[in-house]
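**Student:**
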Amino acid sequence: EDVGKQLREQLGPLGVEVISWREAAGQAAMIVLVLQLVFNAGCVLVIIAGQIGMVNIFLISVFRRTGEIGTLRSIGATDGNIRTILYAENLIISFTAGTAGILLSLAIMAAVNSRHLVLGNSLLSALLGQTVFSFQPDISLALLSLGLSVLIGLTASVYPVATALRIEPVTAMREGR
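FYI, the numbering for the sequence shown is 2 to 178, going by our numbering.
#1: So what does Ser134 bridge to, in DSSP terms?
#2: Can you round the beta-carbon distance between Gly71 and Ala173 to whole angstroms, since I take them to be within the 8 Å contact cut?
#3: What first and last residue would you give for the alpha helix (DSSP H) that runs through Arg9?
#4: What's the gap between the Cα of Lys6 and the Cα of Pro14?
#5: Is the beta carbon of Arg74 closer than 7 Å to that of Pro186?
#6: Taking all protein chains shown into account, decide if Gly99 is buried (16 or more other Cβ within 10 angstroms of its Cβ) or exposed.
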C-alpha cells in the first residue's frame, strides 16, 4: 500500500498509472495461484493420510509383537532399548520407502520424457516455459522428499513406541502372544 502510494505520487505527473500486481497479471495469474493453493492443500492432505496410515501400521506391528516386547522387558531390556529398536526399525522402513518412491518417480519421469509430449495449449506452454512436456529431475527435491519420508516415519512412530513401552512383561506372557 505505502509503496503504491509513493509510486503514484512520483509517477502521477508523468501520466503513468500504478496498479496492483494482481490487476497487472490478470485472470490467468489468479487461476495459477488458485491451482497452486489447491495442489498444496492436496499435498498436505496426502501427508496427513500417510501419517495416519503409518501410525496404524506401526501400531499393528507393536500389537503383533507384544510377546516379543514382553520377553525383552522380562530379560531386562530398558525402555531406551525398546525405543531404540522400534525407532531404528521404523527409520529403516521409512528410508527404504522414500528411496523406492524416488526411484519410482525417476522411472515415471524417464517414461514421460521418452514420449516427447507436445503441449498444444499456449497457456500451459507459457506457464511451463516449454513446448514439449518433460520432467527435470532435481536432486535437492529428491533429498528433501527422502528427508520428509524419514521425518514422517519417525513422527508416526511416537505413539506406537509409547504404546510398546506400556506393555508389561507379565501381561504379555499371560496373553500368550
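For every residue, glycine included, the Cβ atom is placed at its ideal position computed from N, Cα and C. It should be emphasised that the depicted structure is a prediction, and the values quoted were computed from it without experimental measurement.
**Tutor:** So, from the listed chains and residues:
#1: Here residue 134 turns out to be Phe, not Ser, going by the sequence shown. Answer by DSSP bridge pairing, in chain order: Leu118.
#2: 2 Å
#3: 3-12
#4: 13 Å
#5: Residue coverage of the chain in this structure runs from 2 to 178, which leaves residue 186 outside it and unanswerable.
#6: buried
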